[in-house]
Every structure is written in C-alpha cells, then in structure tokens.
C-alpha cells in the first residue's frame with residue numbers, strides 16, 4: 004500500500020506528511036477486513052491511496068473516506084467470483 008499527496012496541492016512538506024500519516028493510520032486501523040477477504044480468495048493486491056482534496060481534513064473525515072474505498076474494493080473483489 005502506498006500513499007500519495009500531490010505537491011501541487013500542498014506545497015509544504017509538513018502538510019503533505021501530516022495527511023500521509025493520517026491516511027496510513029486510518030488504513031492500519033481498518034485493513035484487517037480486506038486482508039481476511041484477500042486471504043480467503045487467495046489473492047494479492049497492490050494499491051495506492053491518493054489524497055485529492057484541496058484542504059487539510061481531520062482524521063475522522065479521512066478515515067471515513069478510507070473505509071468507503073475499502074468497502075468498494077471489497078465489493079469489487081466479491082463480484083469477481
């Protein structure tokens with residue numbers, strides 16, 4: 004899993020690093036369901052999460068977005084049976 008925060012949206016490295024830390028933590032806390040599904044289906048996955056908003060958001064908002072993305076990914080994996 005990789006995280007990308009564009010430099011053209013956030014010029015200061017401090018802001019980019021803050022957002023990347025929040026995204027990684029949200030993923031870490033919620034990855035187990037995806038890992039279980041991948042193991043059950045005997046699959047591997049490489050993914051990149053890219054932050055696209057123009058403002059710095061709080062952890063709760065970022066976590067909701069990560070959860071939404073993981074849920075959508077799990078649905079796609081279940082459809083491929």
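Numbering (my numbering), first residue to last: 4 to 84.
Idealized CB from N, CA, C, for every residue including glycine.
Since we're looking at a predicted model, the values are computed, not measured.
Asked: Tell me which same chain residues have a C-beta within less than 6 Å of the C-beta of residue 50, skipping the five on either side of it?; Found: 4
Asked: Please state whether DSSP places residue 35 in a helix, a strand or coil.; Found: helix
Asked: Where does residue 69 fall in DSSP's three states?; Found: helix
Asked: Just list the residues that DSSP pairs residue 59 with in beta bridges.; Found: None; residue 59 has no bridge partner.
Asked: With distances taken between CB atoms, is the gap from residue 6 to residue 27 smaller than 8 Å?; Found: yes
Asked: Do the CB positions of residue 59 and residue 30 come within less than 8 Å of each other?; Found: no
Asked: Using the Cβ count rule (16 or more neighbours within 10 Å means buried), how would you classify residue 38?; Found: exposed
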